[in-house]
Amino acid sequence: MTHHNLTTFLKRKMPDPPGSRIGVCVKGCDSRTLVALLQENLIDKEKIYVIGVPCDGVVSRRRIEKAFNDEVVDISFADGKVTATTRTGESQEFAKDDLLFDHCKSCRYPNPAYADDLAADPVAEPVDQTPMWAGLEEFEALSPEEKDAKLAEVFETCIRCFACINVCPVCWCWDQCVCRSRKPALVSQRVGAKENLMFQMIHMLHVAGRCPSCGACDRACPVEIPLYLLHRKMNKELHEMLGFEAGLSLEGKPVFQTFDVNDPLGEH
Amino acid sequence: MAQATATAEAPGAASTGGTREVKVIGIVCNWCSYAGADGAGTARLKQPVNMRLVRVPCTGRIDPLLAIKAFEKGADGVLISGCHPGDCHYSEGNYYARRKFELLDRMLPHLGVEADRFHYTWVSASEGARWQSVVTDFVTKVKALGPRQGRAL
Numbered sequence: 116m117t118h119h120n121l122t123t124f125l126k127r128k129m130p131d132p133p134g135s136r137i138g139v140c141v142k143g144c145d146s147r148t149l150v151a152l153l154q155e156n157l158i159d160k161e162k163i164y165v166i167g168v169p170c171d172g173v174v175s176r177r178r179i180e181k182a183f184n185d186e187v188v189d190i191s192f193a194d195g196k197v198t199a200t201t202r203t204g205e206s207q208e209f210a211k212d213d214l215l216f217d218h219c220k221s222c223r224y225p226n227p228a229y230a231d232d233l234a235a236d237p238v239a240e241p242v243d244q245t246p247m248w249a250g251l252e253e254f255e256a257l258s259p260e261e262k263d264a265k266l267a268e269v270f271e272t273c274i275r276c277f278a279c280i281n282v283c284p285v286c287w288c289w290d291q292c293v294c295r296s297r298k299p300a301l302v303s304q305r306v307g308a309k310e311n312l313m314f315q316m317i318h319m320l321h322v323a324g325r326c327p328s329c330g331a332c333d334r335a336c337p338v339e340i341p342l343y344l345l346h347r348k349m350n351k352e353l354h355e356m357l358g359f360e361a362g363l364s365l366e367g368k369p370v371f372q373t374f375d376v377n378d379p380l381g382e383h
Numbered sequence: 046m047a048q049a050t051a052t053a054e055a056p057g058a059a060s061t062g063g064t065r066e067v068k069v070i071g072i073v074c075n076w077c078s079y080a081g082a083d084g085a086g087t088a089r090l091k092q093p094v095n096m097r098l099v100r101v102p103c104t105g106r107i108d109p110l111l112a113i114k115a116f117e118k119g120a121d122g123v124l125i126s127g128c129h130p131g132d133c134h135y136s137e138g139n140y141y142a143r144r145k146f147e148l149l150d151r152m153l154p155h156l157g158v159e160a161d162r163f164h165y166t167w168v169s170a171s172e173g174a175r176w177q178s179v180v181t182d183f184v185t186k187v188k189a190l191g192p193r194q195g196r197a198l
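Protein chains in written order, with my numbering: chain A, 116 to 383; chain B, 46 to 198.
As structure tokens, then:
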């Protein structure tokens, strides 16, 4: 299934001639980012045509590429097998399950939440609807000092290339982004783990309520920072707090743009 | 924001750690907790001196990033306080706020900040004595943890 979340490209431009529409193909998680944007009227529903693609999981291109010393030029799928071929003709077969992203294996929404048309019959939704938050346990088990050390080590390597926010479909503010602002000066121009983590904190908190953990930022990161440690954890906590999940229906509202006087948040 | 960062940023304080006094940033709403703190001061209720207050119009205005920024700049603890839910001067600011603070409260331990270094609570304008106990308890907990030496946050 397509590696990219194509909703991202709707950030760029809406069609100019009146009456024209942009077609966009979305898989389950992509459609949730699209719905999140529609909930906030950031995209005009009349100007897009959504083709929903029921998804059976995304394979990690990075995992394939790491198996070769050469550039991978062809990847083909057949019967649960993935065959990758490099420029020099070297080829290797993988089991698809070995290449799937962790969060795809426990995906509860493989079918689009919103689509004008479906490209195929919906795939079976998993019977077990218990949310799974893959890949967090190991980090969660660390002590505060170990977490701090680990985060410092990881975010030391960030080159602040902005790939994560450029590719993020729900990170919307573009060149008005507060991370480039001098007032308030949330992120300085210094280079270091602190600034880089602060930069990611802005991203994480600004997409809270819209982010369904589609993993686009993870896949885009050139230095392979495990950004899911932040976003997936945030979504896990939002789910445990309020049962909130982003972009499930057009009628929903982002978690921080609404409230309930009876929110079950402990008296502090 | 400028205030929040300026107060927390004593030269070298963030990196030295050791035995220095802890610094705690309090972000309070103008209408309830600031007035409550004022009342506590007027009534001469003894409070720890580690608290630096930042006054904002409403807790609904407090971006969780302000607290994160304070930690990044070397604060040892952040306390956020406002009107009790239902008593907001602007009717509903603190209802929005508590969702954000609850998330922040749950995320900070994940980011390597001990849970006791962040607290959000509600103190009304008439609760000077409650303010005193909230601040005393919070600062005691932060003191027990000692100065922070965060490398990531």
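Idealized CB from N, CA, C, for every residue including glycine. Everything numeric in this text was worked out from a predicted model, so none of it was measured.
Legend: CB atoms of the stretch 248-260 of chain A lying less than 8 Å from CB atoms of chain B belong to residues F254, E255, P259, E260.
In the DSSP assignment, D189 of chain A falls within the beta strand (DSSP E) that extends over 187-193. Taking 7 Å as the threshold, the shortest C-beta distance from G138 of chain B to chain A does not fall below it. The C-beta of T373 of chain A has fewer than 16 other C-beta atoms within 10 Å across all chains shown, which makes the residue exposed.
Counting only runs of 3+ residues, the beta strand (DSSP E) found wholly inside the stretch 131-182 of chain A occupies 137-141, 163-167, in chain order. The beta-carbon separation of W167 of chain B and A82 of chain B, rounded to 13 Å, does not stay under the 8 Å limit for a contact.
Note on L152 of chain A: 16 or more other CB atoms within 10 angstroms of its CB, so buried under the neighbour-count rule. Judged by their CB atoms, L125 of chain A and I166 of chain A are not nearer to each other than the 7 Å cut-off.
Here DSSP, grouped into helix, strand and coil, assigns E208 of chain A to strand.
By the Cβ test, the stretch 338-350 of chain A is in contact with the stretch 313-325 of chain A, since at least three Cβ pairs between them sit closer than 8 Å. Cβ-Cβ distances below 7 Å link S175 of chain A to L214, F216 in the same chain, with the five nearest sequence neighbours on each side left out; the list follows chain order. The residue from A:C329, A:A300, A:R297 with its alpha-carbon nearest to that of C279 of chain A is A:C329. Here DSSP, grouped into helix, strand and coil, assigns Y141 of chain B to helix. For the stretch 67-107 of chain B, the full-length alpha helix (DSSP H) segments reaching 4 residues or more read 78-87 along the chain. Chain B has no Cβ within less than 7 Å of the Cβ of F209 of chain A. According to DSSP, residue pairing for V197 of chain A in a beta bridge involves A:F192, A:F209. Within the model, the alpha-carbon separation for C292 of chain A versus K145 of chain B is close to 20 Å. Between A115 of chain B and K68 of chain B, the C-beta spacing is not below 7 Å. Residues are counted here when their Cβ sits less than 9 Å from a Cβ of chain A; for the stretch 84-116 of chain B these are D108, P109, L110, L111, I113, K114, given in chain order. At least one C-beta of chain A is nearer than 7 Å to the C-beta of L148 of chain B. Within chain B, L110 have C-beta atoms less than 8 Å from the C-beta of I317 of chain A, given in sequence order.
Contact annotation: the stretch 196-208 of chain A does not touch the stretch 131-142 of chain A, with fewer than three C-beta pairs closer than 8 Å. For Y79 of chain B, no chain A residue has a C-beta closer than 7 Å to its own C-beta; the minimum C-beta separation is roughly 18 Å. Looking at the DSSP output, H164 of chain B shares a beta bridge with B:L124.
For the set B:E159, B:Y140, B:G127, B:T104, the Cα lying nearest the Cα of V179 of chain B is the one of B:G127. With respect to the 7 Å criterion, G173 of chain B and L90 of chain B are classified as neighbours on the basis of their beta carbons.
Residue environment for V184 of chain B: buried (at least 16 other C-beta atoms within 10 angstroms of its C-beta).
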